[in-house]
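What the sequence shown shows, in mature numbering (1 follows the signal peptide of the UniProt record, and there is no 0), is residues -22 to -1, 1 to 275, in sequence order.
Using N, Cα and C, we set each Cβ at its ideal position, and we do this for glycine too.
What follows is a set of notes on a single structure, which appears directly below.
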Amino acid sequence: MKQTIDRRTFLGLAGLAGVACASGLAGCASVPGTNPDFYFVQLSDAHWGFEGPPNPDARGTLPKAVAAVNALEPPPDFIVFTGDLTHTTDDPAERRRRMGEFKTIVAGLRVRDVRFMPGEHDASLDHGAAFQEFFGSTHYTFDHKGVHFIVLDNVSDPAGKIGDAQLAWLAADLAKTAPARPIVVFTHRPLFDLYPQWDWATRDGAAAVDLLMPHPHVTVFYGHIHQENHHMTGHIAHHAARSLIFPLPAPGSQPKRTPVPWDDAHPYRGLGYREVEARHRGEDYALQELPVTRGAS
């Protein structure tokens, strides 16, 4: 599905999760030194190691997603996985085995710039120790074509907090970032209280949002809730990506947070990713939803 929207509508929608073009951020095109002609892929919640209902193809959806991304033309500038790379396990050896298998599979991505961050399934039981062995730091920054990217870890603390030390690190980083510069933040949990009853929140997320608020061009991408969701905190847009393993119900739509059942008539429904493509041709943006099976053999 494709549609074209102007910048005002784009900012009203606050973008779409899944795959995002950084130039779609508010004011990005007007910032000196930025290049609007790029996009990146966000993948989330692969839960490698999960078995059984509601996904009879639990070992197939991640390879299918790799094949789908490899089929994108032109390829994205980079790819980011926003957490829950693997499914939780109490066995440290099994946790590392799953991370090793996940890393081997995603090594098949033809885009070489692939970035990772943990979800609570990867990190909450050992404070991110195994994740760091395989993928490096749980929080970091990088820059790409004039956009400043910040990866926050709100899962290594089993209480679901960012923590004072990391908040101080964020404050120091933002103090060095020019106010007009576009900022993209990646987290696993939502930074706002989406539905705390289902653990869809970050206990000190409001402190991070307060630090980001003085910057006028901020967009947050997250995972964790296994569905598309869009929310605004002031001028800051927050977008959730779909899962690669199973969808979850809308916040508070049923008594318990149980996965949406597999539909044999519509396999992979609720799984996938989205592309937001921008070209430097006025203020139009093309949006396209892509299924997880695209490009898979």
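Residue i - DSSP class collapsed to helix/strand/coil
{"i": "Ala243", "result": "coil"}
{"i": "Phe16", "result": "coil"}
{"i": "His117", "result": "coil"}
{"i": "Ala(-6)", "result": "In this prediction, Ala(-6) has a pLDDT of 32, which is less than 50 and means its spatial position is unreliable; nothing more can be read from the coordinates."}
{"i": "Met77", "result": "helix"}
{"i": "Ala274", "result": "Confidence at Ala274 is low in this model, with a pLDDT of 49, below 50, so the placement of that residue should be treated as unreliable; the coordinate-derived value is given next. Ala274 falls in the coil class under three-state DSSP."}
{"i": "Ile223", "result": "coil"}
{"i": "Ala218", "result": "strand"}
{"i": "residue 278", "result": "Lying outside -22 to 275, the shown extent of the chain, residue 278 is not represented and no answer is given."}
{"i": "residue 276", "result": "Shown here, the chain extends from -22 to 275; a query on residue 276 therefore has no answer."}
{"i": "Ile140", "result": "coil"}
{"i": "Leu21", "result": "strand"}
{"i": "Pro269", "result": "strand"}
{"i": "Val84", "result": "helix"}
{"i": "Val187", "result": "helix"}
Beta-carbon proximity check, residue i vs residue j, cutoff 8 Å
{"i": "Val89", "j": "Pro34", "result": "no"}
{"i": "Thr97", "j": "His195", "result": "The identity of residue 97 in the sequence shown is Gly, whereas the question assumes Thr. It is not a contact, given that the beta carbons lie outside the stated cut-off."}
{"i": "Asp104", "j": "Thr116", "result": "no"}
{"i": "Leu190", "j": "Val163", "result": "yes"}
{"i": "Asp91", "j": "Gly201", "result": "no"}
{"i": "Pro160", "j": "His122", "result": "no"}
{"i": "residue 276", "j": "Pro237", "result": "In the structure displayed, the chain extends from -22 to 275; residue 276 sits before or after that span and is not available."}
{"i": "Lys81", "j": "Phe112", "result": "yes"}
{"i": "Thr64", "j": "Asp15", "result": "no"}
Beta-bridge pairing of residue i - partner residues as DSSP gives them
{"i": "Met95", "result": "Thr60"}
{"i": "Pro229", "result": "DSSP, once it has assigned bridges, lists no residue as partnering Pro229."}
{"i": "Val198", "result": "Val163, His216"}
{"i": "Glu126", "result": "Reading off the sequence, residue 126 comes out as His, not Glu. In the DSSP output, where bridge partners are listed per residue, His126 has Asp121, Ile161."}
{"i": "Gly250", "result": "Pro269"}
Residue i beta carbon near the ligand FMN (any heavy atom closer than 7 Å)
{"i": "Pro34", "result": "Looking at this structure, you won't find the ligand FMN or any other ligand, since it has none at all."}
**OP:** Can you check the stretch 153 to 185 for any beta strand (DSSP E) of at least 3 residues that lies completely inside it and give the ranges in chain order?
**Re:** 161 to 164
**OP:** Take every Cβ of the stretch 137 to 145, pair it with every Cβ of the stretch 230 to 246, and state whether three or more of those distances are shorter than 8 Å.
**Re:** no
Original post:
Just checking, does the stretch 41 to 48 make contact with the stretch 176 to 193 on the three C-beta pairs under 8 Å criterion?
Top reply: no
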